[in-house]
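J.:
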Amino acid sequence: MTELTSPTTPEQPENVADLIAVSVEPRFIKAESSADKAQHVFSYRVTIKNGHASTVQVLGRYWKITDGNGSEEEVSGKGVVGEQPVIPSGEQYVYTSGAVFPTPIGFMQGHLELLDVDKGETFKVLVPTFRLAMPSILQ
């Protein structure tokens with residue numbers, strides 16, 4: 001699981017993005033994968049926790065996807081999995097999506113674009129690089 005949080009100190013002004021925690025749990029889907037066809041299927045579960053006093057809404061996402069050969073693809077769009085969820089203070093939103101790689105390992109990183117509903121301000125929360133790999137690759 002990958003998690004990004006940046007604590008604030010009393011001397012620093014509160015940054016909304018620092019109070020949103022994003023964690024990712026990748027999983028290899030063996031039943032849908034075929035090494036012969038260079039098709040390695042993964043799912044990843046994303047949890048967005050709102051630790052801010054305001055309600056936030058997910059407006060969009062950006063992913064930089066890199067396969068084991070170093071080929072890169074960039075994907076962006078509105079919301080996540082067809083939704084633009086609203087996440088009240090202290091709550092979380094969880095969604096699952098997937099990726100298919102020609103290699104048994106790949107990496108994803110990016111950011112979410114969120115709206116502070118109370119202030120009407122948008123901001124980005126980084127999603128650090130996470131690895132998607134067949135279990136045998138990890139050994």
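Counting along the sequence shown from 1, when you hit position 68 you're at 68 in the UniProt record's numbering, and nothing is skipped either side.
Note that CB positions come from ideal geometry on N, CA and C, so glycine has one too.
1. Which full runs of the beta strand (DSSP E) of 3+ residues lie inside the region 70 to 111, going along the chain?
2. Tell me, which residues are paired with G120 by DSSP?
3. For P88, which residues in the same chain have their Cβ closer than 6 angstroms to its Cβ, ignoring the five residues on either side in sequence?
4. Give the straight-line distance between the Cα atoms of P102 and W63, rounded to the nearest whole angstrom.
5. Can you look up S43 in the DSSP assignment and give me helix, strand or coil?
6. Suppose you measure from the CA of I51 to the CA of A38; what does that come to, to the nearest Å?
7. Whole angstroms are fine: how far does the CA of T66 sit from the CA of S33?
8. Identify which residue in P26, V41, A53 has its Cα closest to the Cα of V117.
T.: Let me spell this out:
1. 72 to 78, 92 to 101
2. None, per the DSSP bridge assignment.
3. T55
4. 17 angstroms
5. strand
6. Ile is not the amino acid found at residue 51; the sequence shown has Gly there. The straight-line gap from Cα to Cα measures roughly 41 angstroms.
7. 18 angstroms
8. A53
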